[in-house]
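Chemist:
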Amino acid sequence: MPKDGGIGASSKRREDVRFLTGKGRYTDDINIHGQAYAYFLRSEVAYGKINGIDTSVAEGMPGVVQIFTAKDFEGAGGIPCGWQVTDRHGQPMQEPKHPILAEGFVRHVGDPIVGVVADTLEQARDAAEAIDVDITEIDPVLDMRAALADGATKVHDELSSNLCYDWNLGNSPEEAEQVMNSAHHVTTLELTNNRLIANPMEPRVAVGDYSIANDDYTLYTTSQNPHVIRLLMGAFVLNIPEHKLRVVAPDVGGGFGSKIYHYAEEAFCTFAAKQCMRPVKWTSSRSEAFVSDAHGRDHVTTIRLALDENGKFLAIHTDTLANMGAYLSTFSSSIPTWLHGTLMAGNYTTPIVSVNVKAVFTNTVPVDAYRGAGRPEATFQLERVVDKAAREMGIDPVEIRRRNFITEFPYATPVAVEYDTGDYHATMDKLLELSDHAGFEVRAAESKANGKLRGFGISHYIEACGIAPSNLVGQLGARAGLYESATVRVNATGSISVMTGSHSHGQGHETSFAQVVAEMIGIDEKQIDIVHGDTANTPMGMGTYGSRSLAVGGSAIVRATEKILNKAKKIAAHLLEASEADIELKDGTFTVAGTDKSVAWGDVTLAAYVPHNYPLEEIEPGLEETAFYDPANFTYPSGGYGCEVEVDPETGKVQILSFTAADDFGNVVNPMIVEGQVQGGLAQGIGQALLENCAYDENGQLLSGSYMDYTMPRADDVPMFKVDHSCMTPCTHNPLGVKGCGEAGAIGSPPAVVNAVIDALQRGGHDVKHIDMPLSPDRVWMAMNS
Amino acid sequence: MEMNDSREISAPPQVVWDALLNPEILKQCIPGCQEMTGSPEDGFDAVVVQKVGPVKATFKGHVKLEEMQEPSCLTMNGEGKGGAAGFAKGAAKVTLTPSDDGTILQYEVEAKVGGKLAQLGSRIIDGFSKKMADQFFTNFQNTLHGPEEEEDITDADDGDAPEEKKGWLKRLVKS
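Chains as they are written, first to last, in this note's numbering: chain A, 7 to 792; chain B, 288 to 462.
Structure representation (structure tokens):
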């Protein structure tokens, strides 16, 4: 019998009332009296030297308030990178300056050069068109291999090369090589993880406001982590102390990682607001988003897997080139390293794992985390090479995985992480059951009779989320801690406001976090509200990304609520004239154990604020507690994904007939929300596998710069999903036993889709070993017919 | 974007050469050309209104003529700025060779676009350029020699009223 409230209940998402009725309040809905509008003149060329900027005509145009170029930001810092990676020689990564407006050079199409502030957006645009920027074009650096060649043009003159870092993790390449040389079989696969553009439904917006009365600033922005923006922008860019800077991220219409980072436009609007003595608003157009939101993925990898004669994995070696784009975005450097290399062991007991990553600067938009962030890249390589190895050795793809699954926990991998718990055979069993794997051959025969090729593909992923222990990430180069915070404020009549440092932009925190507190106290969820997104009324928190909100933020809420309950028990004991040790809490009522003496939640909370009969000598009045939670480890969700496709041999068109996800997320607070999160992730993973591709031409112009050319998955591109999370091995180190579910779908699905297509082609007699994503009809058809 | 093609024009090379260097004739022949001024020595300044896919813009550009060998070959180097719509620039190497019916005009064009034009229009830029070239040479042929009988409106997909222009061009050639 499903619960109707608290942990485990599929409570309806309370935030959907406003989202579905158009009553959300997004950053673009914020308009401040007297506000002016910013428009950015952006580079139309991929690389060039700025010889001069003539703003004289534009300055005299109607409505123009002020025009800014790089020289107006001479006193400001550059946009900082939040993670310093140390290379394999012990040297820090090369870190170029990332100015707010282009300084001397433009380095990608979309690089902002001039910011125009005017009374209206139209006037700002018109003025921008009258600005003459004299640029001498330089042949852009686009291909990663060419970028690393001797004598290649440098994206940043001040750096020694286009190599950001050359980084190793795990066993030495020599150790891996030794195993490869003597192994029974080695499977090699070269693959590309296609570059993606996040495309949240709401484009980015920033509104800067300065109050001369208080000498303080407010920035309203589309962010997944307002405190992080306040810290980065205040301390590193504009030199504004925290108490003079408030950052508000109200309703945010999706982020998928692209709204984690501190962007130049945020600093610009905040800075310009004081210069112009007017609020300054910038709203990205969709076209602008394509060339200014951080992109995702873009790895080129060679992976080798050594096996013994029984299909046991002996060693993995990978060489990856990771595109950083023209500048280092906030978390860019950590994605191909600590969020990617650490996952290269997968679910398997491979004793030797050696990872090398070279991060490369190119004249493209900066690349950073996108749903999954490094882990999809790791999973894709591994689950593809395992499938290829199975085929080469004539072992069933399910069987080869089972022979290598880790079964004893905790398990320390060769790549720096320790899995606390998991049961990979259980999720594999569940996957095979739900996908009716046993009946596949019958269905394949039916497809064949209809002239179609049917294939089944499996992927069994692991990810590390709940990022993460501050002391660990600090050693790895993070320039911030990665704890989370919560303040639980109990009001006099018993209702509760929970201020969380996490940020919800579609994840349903307002519902699921309330369920956690309701469960702990035993009161109705409706008594609890979740407050987030404003640095003025939430404790310092690191925000939402890396599937960390429930595991880390939820745990902080648990810790704060525990403090509340400890104090409430003291009050109850006083009111009931009993010993605190004898007080029990059930369904919102405090009882003296073994008696019928009780006091209700509301009476205790009232006593805390009206302390007439109260143990004032022992405890303070009031009932409000804050907790910061810093976990002991990452969490390690895992799961078995299965994709069944049909390929039309005439056209190369792939149709996904069914997709099954059997995940282990540990404990689940709201199964309905978890299912929704998985479905969204799957749609994005299928988008990457079949449709989406960010393409530049040889001049560095973005070819996939609109929805005419960048193909987002639509309803008829995805099947009805079968999503299950009944396999639960609770996380061992957080109080909820939860692991995180936000990214799993996007991490596990691309290799399942590609494995399925390869399976279909192989069954159809086409010896196709690999096709790079997206598996568009032309690529599939070419592979079949070449 | 690269485009290599040739056309036969029923006029001798010297006539073709003179026409190619005549701003008035260029203005009549370049689709969407609003203004064309200048000289072969100083180059030409042009204003062209065009729609590439969803991007419509007024392009202001300058064309320089280089490597001129009268009347057999020349190179045109040009760049047009379309404001918020982006830019287009490129070079065309034109060779004129005498033929039985007049002149073989051979051209090798290398062009690139940037900004919104590239972001929204790249997919169709090859087709667009080909169409522009076809229209130009059709207009050029007509200007020099009057329209060919069978060459009725081939560009009926474009509503830019070429019929009207044709009659006007014919009159111009006569005058």
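Cβ atoms here follow ideal geometry from the backbone N, Cα and C, with glycine treated the same way.
Does the contact criterion of 3 or more C-beta pairs under 8 angstroms hold for the segment 290-297 of chain A versus the segment 390-407 of chain A?
Modeler: Judged by Cβ distances under 8 angstroms, the segment 290-297 of chain A makes no contact with the segment 390-407 of chain A, as fewer than three pairs qualify.
Chemist: Answer yes if the segment 232-247 of chain A comes into contact with the segment 262-280 of chain A, meaning at least three C-beta pairs across the two stretches below 8 angstroms, and no otherwise.
Modeler: The segment 262-280 of chain A, when compared against the segment 232-247 of chain A, does touch it at the 8 angstroms Cβ threshold.
Chemist: Using only alpha-carbon positions, find the residue among B:T345, B:V381 and B:E289 that is nearest to A371 (chain B).
Modeler: Of the listed residues, the one whose Cα sits closest to A371 (chain B) is B:T345.
Chemist: Of all the CB atoms in chain A, is at least one closer than 8 angstroms to the CB of F423 (chain B)?
Modeler: No, F423 (chain B) does not count as interfacial toward chain A.
Chemist: Exposed or buried, L26 (chain A), counting other C-beta atoms within 10 Å across all chains shown (16 or more means buried)?
Modeler: It is exposed - the Cβ of L26 (chain A) has fewer than 16 other Cβ atoms within 10 Å.
Chemist: Note down the Cα distance separating I317 (chain B) from A155 (chain A), rounded to an integer number of angstroms.
Modeler: Looking at the two C-alpha atoms, the distance is approximately 44 angstroms.
Chemist: Since A371 (chain B) meets chain D, which of its residues come closer than 8 angstroms, beta carbon to beta carbon?
Modeler: Reference to chain D is not applicable here, since the protein chains of this structure are A and B.
Chemist: Taking the continuous beta strand (DSSP E) assigned at N199 (chain A), which residues delimit it?
Modeler: Residues H191 to N199.
Chemist: With C700 (chain A) as the anchor, note down where its beta strand (DSSP E) starts and where it stops.
Modeler: That residue, C700 (chain A), is in no beta strand (DSSP E); it is neither H nor E in DSSP.
Chemist: Report buried or exposed for E437 (chain B), applying the criterion of at least 16 other Cβ atoms within 10 angstroms of its Cβ.
Modeler: The predicted position of E437 (chain B) is uncertain, since its pLDDT is 46 and thus under 50; a value taken from the coordinates is nonetheless stated next. The residue is exposed, with fewer than 16 neighbouring Cβ atoms inside 10 Å.
Chemist: Find the nearest neighbour of P98 (chain A) within the set A:D172, A:Y53, A:G608 and A:N245, judged by alpha-carbon distance.
Modeler: Looking at the Cα atoms, A:D172 is the closest of the given residues.
Chemist: Could you give the DSSP three-state label for S555 (chain A): helix, strand or coil?
Modeler: Helix.
Chemist: In the DSSP assignment, find the alpha helix (DSSP H) that holds E656 (chain A) and state where it starts and stops.
Modeler: No alpha helix (DSSP H) holds E656 (chain A); DSSP gives it neither H nor E.
Chemist: Return the first residue and the last residue of the beta strand (DSSP E) that S293 (chain B) is part of.
Modeler: From DSSP, the beta strand (DSSP E) with S293 (chain B) extends over E289 to I296.
Chemist: Determine, for N369 (chain A), whether the minimum Cβ-Cβ distance to residues of chain B falls below 8 angstroms.
Modeler: For N369 (chain A), the answer is no, since every Cβ of chain B falls outside 8 angstroms of its Cβ.
Chemist: Tell me which residue opens and which closes the beta strand (DSSP E) that I589 (chain A) is part of.
Modeler: Looking at the DSSP string, the run of the beta strand (DSSP E) that includes I589 (chain A) is I589 to K592.
Chemist: Say whether the segment 449-460 of chain A touches the segment 740-749 of chain A, bearing in mind that this needs 3 or more beta-carbon pairs closer than 8 angstroms, one atom from each stretch.
Modeler: At 8 angstroms Cβ cutoff, the stretches do not touch.
Chemist: Can you tell me where the beta strand (DSSP E) with C87 (chain A) in it begins and where it stops?
Modeler: Careful: C87 (chain A) lies outside any beta strand (DSSP E) and carries neither H nor E.
Chemist: Under 8 angstroms Cβ-Cβ, which residues of chain A neighbour G401 (chain B)?
Modeler: Here the neighbours are E50, V51, V115, N705 and Q707.
Chemist: For T632 (chain A) versus T493 (chain A), is the C-beta spacing smaller than 8 angstroms?
Modeler: Contact flag set, yes.
Chemist: Suppose contacts are defined by Cβ-Cβ distances below 8 angstroms. Is E389 (chain A) in contact with Y489 (chain A) by that definition?
Modeler: Not in contact: E389 (chain A) and Y489 (chain A) (Cβ atoms no closer than 8 angstroms).
Chemist: Hey, how far is the Cα of T597 (chain A) from the Cα of A432 (chain A)?
Modeler: Each residue's alpha carbon lies about 42 angstroms from the other.
Chemist: Taking the alpha helix (DSSP H) that K793 (chain A) belongs to, which residues open and close that run?
Modeler: Residue 793 (chain A) cannot be examined here, being either before or after the span of chain A that is shown, 7 to 792.
Chemist: Tell me, to the nearest whole angstrom, how far the beta carbon of P655 (chain A) is from that of L459 (chain A); I am working on the premise that it is less than 8 angstroms.
Modeler: Rounded, the Cβ-Cβ distance is 6 angstroms, consistent with contact.
Chemist: For the alpha helix (DSSP H) that contains H305 (chain A), what are its first and last residues?
Modeler: Not the alpha helix (DSSP H): H305 (chain A) falls in the beta strand (DSSP E), residues H305 to L313.
Chemist: Check A574 (chain A) in the structure and name its three-state DSSP category.
Modeler: Correct three-state label for A574 (chain A): helix.
Chemist: Which same chain residues end up closer than 6 angstroms to I144 (chain A) when comparing Cβ atoms and leaving out the 5 residues on each side of it in sequence?
Modeler: The answer, listed in chain order, is Y53 and G54.
Chemist: Does any CB atom of chain A fall closer than 8 angstroms to the CB of E438 (chain B)?
Modeler: Note on E438 (chain B): pLDDT 45, under 50, position unreliable in the model; no value is reported.
Chemist: Sorted by chain position, which residues of the same chain lie with C-beta nearer than 6 angstroms to H305 (chain A)'s C-beta, five sequence neighbours on each side aside?
Modeler: Hits under 6 angstroms: N199, T326, A328 and E383.
Chemist: When you compare only the Cα positions, how much space is there between L349 (chain A) and G121 (chain A)?
Modeler: Approximately 41 angstroms between the Cα atoms of the pair.
Chemist: Could you give the DSSP three-state label for R94 (chain A): helix, strand or coil?
Modeler: Of the three classes helix, strand and coil, the one that applies to R94 (chain A) here is coil, per DSSP.
Chemist: Please report whether the beta-carbon of T441 (chain B) lies at a distance below 8 angstroms from any beta-carbon of chain A.
Modeler: Because T441 (chain B) sits at a pLDDT of 46, beneath the cut-off of 50, its placement in the model cannot be relied upon, and the following sentence gives the value as read from the coordinates. No - not a single Cβ of chain A is within 8 angstroms of the one on T441 (chain B).
Chemist: Would you mind telling me which residues of chain A sit closer than 8 angstroms to R410 (chain B), beta carbon to beta carbon, in chain order?
Modeler: The contacting residues are L709, M714 and D715.
Chemist: For G648 (chain A) and E626 (chain A), what's the separation of their Cα atoms in angstroms?
Modeler: Computed Cα separation, rounded: 56 angstroms.
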